[in-house]
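Numbering (our numbering), first residue to last: 616 to 976.
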């Protein structure tokens, strides 16, 4: 069964979105102390129960960590120290050293603590470009400067992945990606490549019912809802894609391929569907269950983004890296993963792929 997608594609409640916007604004205003539930309640004009519900929803989505009763903890990014069961440089200081970045003992100790707690280290300059760029990413994200954090991530990527991968940078990418998506920012890869919504109101309602079913992992109900959306609007591509993804996530890759094949036959330039098919084929190959012609099909599907002006080229590079690694072509897999990181520095899966390829090397 595939891992759930790391980005927040699901809708959140209006209350959760409002609370997240408030937390980000606090950081931009320099208020970095974790607020109490009562602080948010007073500022937003809510009742405390509503604030707690919104905070719990974001906690469930891994957008913030609740720090005890009544306190909203720091926004944090997901932990990343293992890739596919393999260790990938356990500390940031080790990784910076691997790419020739000199880190003072005090800074190395601060970064090691950050690995364990997710807290931002003190604003110490190392004098090394790579280390300073990584610092700027984390600091900007911590303050809610998402655009600045993305820009710094691109610079940090160029400075630090020549010989190693930075898990802390990947965790920051995960945090940035989730917040961008929930806030509806067009810089979010999850939103930038989302297929359009239907104009059919009843089909849209059925689609939202499918989303709600996915939230509680009721995939049978979700598939039924997407089927209803497609009955009401047979051309509703977003519903067709969610149905295929839900089927795949439920552990039925062959059934998901059966959903995708006619969709691709009708829409050969729909790279979103073709990239999902490539992902499923690569997954089956890793399990030793792929069809004989899987390599040719997956390569063609990955290349399809060249024909689609809205194609997700970062995802294509990510899948190319996984395919090349599966075929044993480690050097080209590393290059493809680096390209994926450069194209989409806020997509944490790209760092997973790069870390795994470098580990194999």
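Virtual Cβ for every residue (Gly too), placed ideally from N, Cα, C. Since this is a predicted model, take the numbers as computed values, not measurements.
Query: Integer Cβ distance of residue 770 from residue 957, believed to fall under 8 Å; Result: The Cβ separation is near 11 Å, so there is no contact.
Query: Proximal residues to residue 751 (C-beta, below 6 Å), its chain only, five neighbours per side dropped; Result: 767
Query: Where residue 657 falls, given that 16 or more other Cβ within 10 Å makes a residue buried; Result: exposed
Query: Distance between beta carbons of residue 861 and residue 841, contact taken as under 8 Å; Result: 7 Å
Query: Where residue 793 falls, given that 16 or more other Cβ within 10 Å makes a residue buried; Result: buried
Query: Buried versus exposed, by CB contacts within 10 Å (16 or more), residue 874; Result: buried
Query: Sub-8 Å separation of residue 804 and residue 926 beta-carbons; Result: no
Query: Residue nearest to residue 791 in terms of C-alpha spacing, selected from 756, 886, 648, 774; Result: 756
Query: Other residues of its chain near residue 940: CB distance less than 6 Å, five sequence neighbours each side excluded; Result: 948, 972
Query: Local conformation of residue 813 per DSSP, three classes; Result: coil
Query: Local Cβ density within 10 Å of residue 902, reported as buried at 16 or more and exposed below that; Result: exposed
Query: Chain-order list of residues whose beta-carbon lies under 6 Å from that of residue 698 (same chain, five-residue window excluded); Result: Reliability of the predicted coordinates at residue 698 is poor, the pLDDT of 44 falling under 50, and the value obtained from them is presented with this limitation in mind. Taken in chain order, the residues that qualify are 967, 970, 971.
Query: N- and C-terminal bounds of the alpha helix (DSSP H) containing residue 673; Result: 663–675
Query: Cβ-based burial, residue 811 [other Cβ within 10 Å; buried from 16]; Result: exposed
Query: Ranges of the alpha helix (DSSP H) found wholly within the segment 803–847, counting only runs of at least 4; Result: 804–807, 816–830, 834–847
Query: According to DSSP, residues forming a beta bridge with residue 687; Result: 681
Query: Per-residue DSSP class, three states only, for residue 976; Result: coil
Query: Nonlocal neighbours in the same chain, by C-beta distance under 8 Å from residue 700, ignoring five residues either side; Result: Low per-residue confidence applies at residue 700: pLDDT is 47, beneath 50, and the placement is therefore not dependable, though the value from the model is reported in the following sentence. Excluding positions up to five away in sequence, the list is empty.
Query: Contact check, residue 634 vs residue 655, beta carbons under 8 Å; Result: yes
Query: Three-state secondary structure assigned by DSSP to residue 651; Result: strand
Query: Nearest to residue 762 (by Cα), restricted to the options 976, 960, 965; Result: 960
Query: Close Cβ partners of residue 629 (< 7 Å) along its chain, the five nearest in sequence each way excluded; Result: none
Query: As assigned by DSSP and simplified to three states, the class of residue 926; Result: coil
Query: Residue 798, enclosing alpha helix (DSSP H) - first and last residue; Result: Unbroken run through residue 798: none, as it is neither H nor E.
Query: Assumed close pair residue 759, residue 652 - CB separation to whole angstroms, cut-off 8 Å; Result: Contact flag wrong, Cβ pair sits at about 19 Å.
Query: Continuous alpha helix (DSSP H) assignments of at least 4 residues falling wholly in the segment 881–936; Result: 886–901, 909–918
Query: Residue 933 vs residue 965 beta-carbon contact at 8 Å; Result: yes
Query: Inter-stretch contact (C-beta, 8 Å, three-pair minimum) for the segment 877–886 and the segment 903–913; Result: no
Query: Endpoints, the alpha helix (DSSP H) within which residue 962 is located; Result: Counting along the chain, residue 962 falls outside any alpha helix (DSSP H), and DSSP gives it neither H nor E.
Query: Residue interval of the alpha helix (DSSP H) (run including residue 944); Result: Segment: none, residue 944 is in no alpha helix (DSSP H) and carries neither H nor E.
Query: When 643, 807, 648 are compared against residue 924, the one with the closest alpha-carbon; Result: 807
Query: Cα-Cα separation, residue 631 to residue 797; Result: 9 Å
Query: Spatial neighbours of residue 843 in its chain, beta-carbon cut-off 6 Å, leaving aside the 5 residues before and after; Result: 821
Query: Secondary structure of residue 863, DSSP reduced to three states; Result: helix
Query: Helix, strand or coil at residue 1001 according to DSSP, with G and I counted as helix; Result: Residue 1001 falls outside the range modelled here, since the chain spans only 616 to 976, and no answer is possible.
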